[in-house]
Amino acid sequence: MNHKCLALSRIFYTYHAPHTIIIIFKVPSLYKHNLLLGFLAKQRSSLFHFYHILIKMSSLSLRCFTHMLLITLFLIWSLNFETCIARRGKHWTKKRDINNGSLLNMNGKSGHNNKQHGGVKKSKSTPSHISTPSSSPTIPPPQQEDGSLTQPPKHYNDAYSTIFNVLDFGAKGQGNTDDTKAFQSAWAEACKVEASTMLIPKDYIFYVGPISFSGPYCKPNIIFQVDGTIIAPTNPDAWGRGLLQWLDFTKLVGFTIQGNGIIDGRGSVWWQDHQFDVPIDDEQKLLVPINHTIGTPPMMIESELGRKMPYIKPTAIRFYGSIGPTVTGITIQNSPQCHLKFDNCNGVLVHDVTISSPADSPNTDGIHLQNSKNVSIHTSTLGCGDDCISIQTGCSNVYVHNVNCGPGHGISIGSLGKDNTRACVSNITVRDINMHNTMNGVRIKTWQGGSGLVQGVLFSNIQLSEVQFPIVIDQFYCDKRKCANQTSAVALAGINYERITGTYTVKPVHFACSDSLPCVDVSLTTIELKPVQEQYHLYDPFCWKTYGELKTTTVPPIPCIQIGKPSRNRIQTDHDLC
1 MNHKCLALSR
11 IFYTYHAPHT
21 IIIIFKVPSL
31 YKHNLLLGFL
41 AKQRSSLFHF
51 YHILIKMSSL
61 SLRCFTHMLL
71 ITLFLIWSLN
81 FETCIARRGK
91 HWTKKRDINN
101 GSLLNMNGKS
111 GHNNKQHGGV
121 KKSKSTPSHI
131 STPSSSPTIP
141 PPQQEDGSLT
151 QPPKHYNDAY
161 STIFNVLDFG
171 AKGQGNTDDT
181 KAFQSAWAEA
191 CKVEASTMLI
201 PKDYIFYVGP
211 ISFSGPYCKP
221 NIIFQVDGTI
231 IAPTNPDAWG
241 RGLLQWLDFT
251 KLVGFTIQGN
261 GIIDGRGSVW
271 WQDHQFDVPI
281 DDEQKLLVPI
291 NHTIGTPPMM
301 IESELGRKMP
311 YIKPTAIRFY
321 GSIGPTVTGI
331 TIQNSPQCHL
341 KFDNCNGVLV
351 HDVTISSPAD
361 SPNTDGIHLQ
371 NSKNVSIHTS
381 TLGCGDDCIS
391 IQTGCSNVYV
401 HNVNCGPGHG
411 ISIGSLGKDN
421 TRACVSNITV
431 RDINMHNTMN
441 GVRIKTWQGG
451 SGLVQGVLFS
461 NIQLSEVQFP
471 IVIDQFYCDK
481 RKCANQTSAV
491 ALAGINYERI
501 TGTYTVKPVH
511 FACSDSLPCV
521 DVSLTTIELK
531 PVQEQYHLYD
541 PFCWKTYGEL
551 KTTTVPPIPC
561 IQIGKPSRNR
571 IQTDHDLC
């Protein structure tokens, strides 16, 4: 074999980029032939063009020519192999500057293409609710007055993050076909990837049955991006004999639900079927109509099959056993029962959320906290048929601020101690709240027969408009027509009210504390409440077994508060203390 063929056949290193091949030869004396082959490979000339030039190189033998031809075929094939592999990923893609929502619409004309493997495309602009990544130095997040951190929203288009679009898993988004399996499949994949995003795109309506998004083996910091609408079934068969949750998020770490979409529980069919099985809010017993006025029921929808829904009504969204869950941006509406629940969670953050259901939708609490610690709820609008926020046993270090509440039953601690249980609640701050047309303002409610302790509570800067009972402590809470009298009670100590102003329509203050375990260290500062005669009889302030101090004069006067502490008080046992 001559030197020219030897040089071409002794290639020892090949490097390819997307559009270039550089070939290095071991014999430098044949510089002209090296340039020729490198130029042809770089320009990715057709095989026929390469063949024509090789024929002109008359000094090459047939054997050498055949060898070079095989090498050329291998290089061209290997150049395209990597590109082929990169196109095979169907359900995931690396995120860059994208706007999935702008690619999709209800008719599917421009967004989702079944022939396209990738779930996302590049967009020309970034959506207004998503910030582009910045190369500026990291700045610590701002702090609130109490030292707690305000976290910025997470961005699902950060580099090196992964998107799982439910449309790529078979979801139709038409509002009348079941997309539950597609959501399950998308979650199964998103669960495996840290900081991934499960995308529910805008301009689609997804019909989703009861579903669990559960750990504990999922990777942390997953984002559930809700830009479209998710609706619950009104078919009784979808719920079996009754379930406690609709969308259930369990044992997750750093999980976030965000977006500007809607989660609609379509609960009116449940309210209609069980309107006579609703527990009575205890303060309703004090309402005496002037003209026997009756409220109008919410607009109902029929169940899909014309049958009754199960007796057990589900919560729309529940988090259980999770660390650092965040909910922001979304609207939750018309839940059959509670809208958003956190049970046994730590490091909860809820902000910029809207919750909406009719004023007379039964037991539709806005946000329900239970056995959860280090909770921050702020900058949200909550309107429902029960408590805007309900703080139950096992909660501590809860900070609620800058919330609009109404309609609803106000912001409540409790009810606690039901069925002779022990309840512990501590370090609760509720401040900078606006309430309009609610039954209660700020309330603590406990059952007779319970045990435990509520301590370290501050209600501050509460603005009220046409609220029936602005300030309530009720240690005789009962959601039936009648409850048996019991001597034990959940103890209340260190309850502080300051700067609570506005108008009331029934009774400004209602303090009903336990005979055997009175309320102690109750303080009132700058209380200014004026009556507005509406449809109910008005009452004067009421106190029973309530000890503390009036730090300023109040409007109206509250002479029933007993200054100091009770002379006799039942000695608490270890079972009572927390």
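According to the UniProt record's numbering, the sequence shown holds residues 1 to 578 in order. Just so you know, even glycine gets a beta-carbon here, dropped at the ideal spot from N, CA and C. Quantities reported herein were computed from a predicted structural model and do not represent experimental measurements.
Here's a check: name, in chain order, each residue in its chain whose Cβ is nearer than 6 Å to the Cβ of Ile-527, leaving out the five neighbours to either side. Result list for Ile-527: Ile-500, Thr-554, in chain order.
For Glu-189, does the three-state DSSP call read helix, strand or coil? Helix at Glu-189.
Reduced DSSP category for Lys-445 - H, G, I as helix; E, B as strand; rest coil: Strand at Lys-445.
Excluding sequence positions up to five away, which residues of its chain have a Cβ less than 7 Å from the Cβ of Asn-402? Around Asn-402: His-378, Thr-379, Asp-432.
Going by CA-CA distance only, name the one from Pro-407, Thr-364, Arg-443 that's closest to Pro-336. The residue with the shortest Cα to Cα distance from Pro-336 is Thr-364.
Euclidean distance between Cα positions of Ala-493 and Ile-444: Ala-493 and Ile-444 have their C-alpha atoms spaced approximately 12 Å apart.
Along the chain, which unbroken stretches of the beta strand (DSSP E) at least 3 residues long are found entirely within the segment 337-373? Secondary structure within the segment 337-373: the beta strand (DSSP E) runs of 3 or more consecutive residues, fully enclosed, are 340-343, 346-351, 354-356, 367-370 (chain order).
If I measure Cβ to Cβ from Lys-507 and keep anything under 8 Å in the same chain, skipping five residues before and after, which residues do I get? If we look at Lys-507 and ignore the five residues flanking it on each side, its Cβ neighbours are Leu-286, Gln-468, Phe-469, Leu-538, Tyr-539, Asp-540, Pro-541, Phe-542.
Pick out whichever of Ser-361, Ser-376, Ala-359 has its Cα sitting closest to the Cα of Val-353. In terms of CA proximity to Val-353, Ser-376 leads the group Ser-361, Ser-376, Ala-359.
Pull up the DSSP beta-bridge partners for residue 581, would you. As displayed, the chain neither begins before 1 nor continues past 578, which places residue 581 out of reach and without an answer.
Identity of the residue in Val-327, Lys-313, Ile-312 nearest Phe-319 by Cα: Measuring from the Cα of Phe-319, the nearest candidate turns out to be Val-327.
Where does Gln-272 fall in DSSP's three states? DSSP places Gln-272 in helix when its eight states are reduced to three.
Report the rounded CA-to-CA distance for Lys-530 versus Pro-556, giving the unit in angstroms. Rounded to the nearest angstrom, the two C-alpha atoms are 7 Å apart.
Nearest by alpha-carbon distance to Cys-388: which of Cys-395, Asn-371, Gly-414, Asn-374 is it? The residue from Cys-395, Asn-371, Gly-414, Asn-374 with its alpha-carbon nearest to that of Cys-388 is Gly-414.
Who does Cys-405 pair with in a DSSP beta bridge? As a beta-bridge residue in DSSP terms, Cys-405 pairs with Leu-382, Met-435.
What three-state label does DSSP hand Gln-184 in the structure shown? DSSP places Gln-184 in the helix class (H, G or I) of the three-state scheme.
Assuming Gly-173 contacts Ile-222 (C-beta within less than 8 Å), just tell me the rounded distance between them. A Cβ-Cβ distance of about 21 Å is found for the pair Gly-173 and Ile-222, leaving them out of contact under the 8 Å criterion.
For a test of the three-state rule: what should DSSP assign to Asp-178, helix, strand or coil? Correct three-state label for Asp-178: strand.
Environment of Asn-420 [buried if 16+ CB atoms lie within 10 Å]: So Asn-420 counts as exposed.
Tell me which residue opens and which closes the beta strand (DSSP E) that Pro-531 is part of. 519-531 is the span of the beta strand (DSSP E), which, as asked, contains Pro-531.
Checking 8 Å against the spacing of the C-beta atoms, do Gly-324 and Ala-359 come in under that value? No, the Cβ-Cβ distance between Gly-324 and Ala-359 is not below 8 Å.
Quick check: Phe-164 and Glu-189, are their CB atoms within less than 8 Å of each other? Yes.
Could you tell me the boundaries of the beta strand (DSSP E) in which Cys-543 lies? Run containing Cys-543: 542-544, per the beta strand (DSSP E) assignment.
Go ahead and label Lys-313 buried or exposed: buried means 16 or more other beta carbons lie within 10 angstroms of its beta carbon, across all protein chains shown. Sixteen is the threshold: when 16 or more other Cβ atoms of the shown chains lie within 10 Å of the Cβ of Lys-313, as they do, the residue is buried.
Pick from Pro-559, Leu-453, Leu-369 that is closest to Val-348, judged by C-alpha positions: Nearest to Val-348 by alpha-carbon distance, out of Pro-559, Leu-453, Leu-369, is Leu-369.
Identity of the residue in Asp-227, Val-442, Ile-211 nearest Glu-498 by Cα: Checked all of Asp-227, Val-442, Ile-211; the closest Cα to Glu-498 is Val-442.
What residue range is occupied by the uninterrupted beta strand (DSSP E) comprising Val-457? That run of the beta strand (DSSP E) goes 451-467.
Within the same chain, show all residues whose beta-carbon is closer than 6 Å to that of Phe-224, passing over the 5 residues directly before and after it, in chain order. By the criterion of a C-beta distance shorter than 6 Å, Phe-224 is surrounded in its chain by Met-198, Ile-257, once the five residues flanking it on both sides are discounted.
Thr-162 vs Tyr-207 beta-carbon contact at 8 Å: Inclusion of Thr-162 and Tyr-207 in the CB contact set at 8 Å is not warranted, their separation being larger than that value.
Hey, does Asp-360 have any beta-carbon neighbour from chain C nearer than 8 Å? The displayed structure is made up of one protein chain only, and chain C is not part of it.
Classify Lys-202: buried if its beta carbon has 16 or more other beta carbons within 10 angstroms, exposed otherwise. So Lys-202 ends up on the buried side.
Rounded to whole angstroms, what's the CA-CA distance from Thr-525 to Leu-550? Just pull it up for me. Spanning the two alpha carbons is a distance of roughly 6 Å.
In terms of DSSP beta bridges, what is Ile-205 paired with? Ile-205 is bridged to Gln-174, Thr-229.
Exposed or buried, Thr-315, counting other C-beta atoms within 10 Å across all chains shown (16 or more means buried)? With 16 or more other CB atoms across the displayed protein chains lying within 10 angstroms of its CB, Thr-315 is buried.
Close-in-space but distant-in-sequence residues of the same chain around Phe-169 (CB under 6 Å, 5 per side omitted): Cβ within range, chain order: Ala-182, Ser-185, Ala-186.
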